[in-house]
Amino acid sequence: MRRDHTPTGRNEVGLPLNLQTVPETSVSLFAPFFVCVLALVLDHRLGEPGRLHPVVGFGRWVTMVEKRLNTAPDEARRSLLGGALAMLLLTLPFVCLAIWVSVALDGWLLILAQAIALWLALSLHGLAEHGRAVVEPLHTGDIERAREQVSRIVSRQASALDERGVAAAATESMLENGADAVFASLFWFLVAGIPGLVMHRMVNTLDAMWGYRTPRFLYFGRAAARLDDVMGWVPARLTALTYTLLGDRKLAWWCWRNQAPLWDSPNAGPVMAAGAGALDVRLGGPSPYPDGIKQRPVLGGARDASPASVESAIRLVQHGVGLWLGVWLAVTTLVFVGVCG
């Protein structure tokens with residue numbers, strides 16, 4: 196008896212039906228990995244767009260909104276509400292735009308849009324450039340030039356730093372900004388796409404501009420600082436784990452467990468302690484700031500910071516990105532085999 200339909204579970208050419216979905220499934224599963232690779236290529240080839248960077252324009256808007264809404268910094272309730280309102284006004288329009296882009300675009304157009312957004316958020320190439328800009332004058336003994344360069348990436352009083360202090364400040368900046376700008380951006384993109392990436396980057400920028408315990412920002416910046424702590428909690432610990440796996444594991448783990456709780460930031464503590472231990476370099480300690488000497492816990496090992504420690508911190512971040520991509524590719528491949536196998 197002739198049958199006009201194909202056998203159950205197979206298509207017209209006799210292939211299992213689950214294989215018909217392989218192209219679509221492979222694109223959807225591997226798309227985040229392709230986006231990350233493309234974003235890193237753009238970052239390596241093009242670097243940062245400088246004054247045209249969206250974060251620069253966002254920073255100008257942040258300053259304008261803060262001046263209009265932070266009119267009573269001494270009044271706790273009013274300042275807290277003003278800071279929360281300012282954060283919502285500054286972030287929600289862009290997050291809504293990111294959601295619209297994610298819904299309106301599909302296929303390769305969406306992949307391209309995601310790659311551009313991730314490129315603008317990562318700053319891996321820019322981080323390395325800033326670090327090497329400090330290393331070069333240190334190698335030639337030009338301490339004044341080194342101080343000038345490090346003042347662009349840290350808030351401490353650079354003119355009071357000696358060679359070891361400059362190297363330590365730059366090393367700390369590489370480790371901490373590696374967590375904030377690089378690994379947290381990757382994390383939030385992989386978890387929540389462009390909306391998560393945009394939300395984190397903006398909240399992190401607000402915290403960088405408002406998260407100071409000064410009379411003007413003590414209350415106004417609290418909402419942004421707390422949300423930044425929440426959004427950075429998981430990425431910070433994944434970053435600390437990454438540094439631990441790629442460096443001196445035993446020392447990094449000991450520093451993470453014993454020194455991180457002493458730091459005043461719940462997220463910077465694990466990152467800085469694990470990073471210092473991974474590099475076996477001494478960081479933290481007393482540091483000069485515009486308002487005086489700040490006593491900070493000592494982190495890491497016994498070796499003094501040097502130009503070599505800055506370069507090692509840069510490599511640690513770069514190798515960490517490679518590790519994340521490798522793990523993500525392996526997990527995606529296992530899921531793909533499980534779905535289509």
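Count along the sequence shown from 1, add 195, and you get the number used in the working numbering. A virtual CB, placed ideally from N, CA and C, is assigned to each residue, including glycine.
What number of angstroms, rounded off, separates the C-alpha of residue i from the C-alpha of residue j?
i, j, result
"E339", "S354", "8 angstroms"
"W428", "G326", "25 angstroms"
"T341", "V361", "Per the sequence presented here, residue 341 reads as Ala, with Thr not at that position. For A341 and V361, the distance between alpha carbons rounds to 7 angstroms."
"A234", "I311", "6 angstroms"
"L163", "R272", "Shown here, the chain extends from 196 to 536; a query on residue 163 therefore has no answer."
"G479", "F531", "45 angstroms"
"A226", "A525", "14 angstroms"
"P502", "I294", "43 angstroms"
"E371", "V466", "6 angstroms"
"V230", "I306", "6 angstroms"
"L276", "S482", "33 angstroms"
"M426", "A387", "12 angstroms"
"S274", "R408", "13 angstroms"
"G373", "L381", "11 angstroms"
"I389", "T286", "13 angstroms"
"S504", "D443", "13 angstroms"
Is the beta carbon of residue j closer than 8 angstroms to that of residue i?
i, j, result
"L280", "L264", "yes"
"A463", "A447", "no"
"A435", "W458", "no"
"G336", "G242", "no"
"A455", "R477", "no"
"M397", "F253", "yes"
"L300", "P249", "no"
"G587", "T437", "Since the first and last residues shown for the chain are 196 and 536, residue 587 lies out of range."
"L433", "F378", "yes"
"L392", "L520", "no"
"R347", "D499", "no"
Hey, out of the options, whose CA is closest to residue i's CA?
i, options, result
"G406", "T400, G416, N399, V290", "G416"
"S318", "P244, S350, S460", "P244"
"A468", "T439, L392, D486, S380", "T439"
"V329", "V251, L315, V349, Y484", "V349"
"A323", "W523, G521, V386, V512", "V512"
"L136", "Q309, W256, F253, G254", "Only positions 196 to 536 of the chain appear in this structure, which leaves residue 136 out of reach."
"V251", "W449, A497, T400, A500", "T400"
"M259", "V493, T437, L284, A500", "L284"
"R411", "F378, G278, G242", "G278"
"R351", "P485, T528, D402, L275", "P485"
"N453", "L494, R444, I488", "L494"
"R510", "T527, A497, G533, G470", "G470"
"P430", "P390, L413, F384", "F384"
"L333", "L304, A364, L313", "A364"
"S368", "R432, L304, E506", "E506"
"N262", "A500, M404, P492", "This sequence places Lys at residue 262; Asn is not what is there. The shortest C-alpha separation from K262 is found at M404."
"D375", "L413, V345, S460", "S460"
"F228", "C535, W256, T528, A419", "T528"
"D402", "F289, A419, K445", "A419"
"W303", "S223, D424, G533, W523", "S223"
Would you say residue i lies against chain D (beta-carbon separation less than 8 angstroms)?
i, result
"L518", "Included in the structure is just one protein chain, with no chain D present."
message = Restricting to runs no shorter than 3 residues, where is the beta strand (DSSP E) found entirely within the segment 471 to 526?
response = 477 to 479, 482 to 484, 487 to 489, 493 to 495
Segments assigned alpha helix (DSSP H), at least 4 residues, entirely inside the segment 258 to 334:
271 to 299, 302 to 317
In chain order, which alpha helix (DSSP H) runs of at least 4 residues are fully inside the segment 397 to 478?
-> Counting only runs of 4 or more, we get 417 to 441, 444 to 453, 463 to 474.
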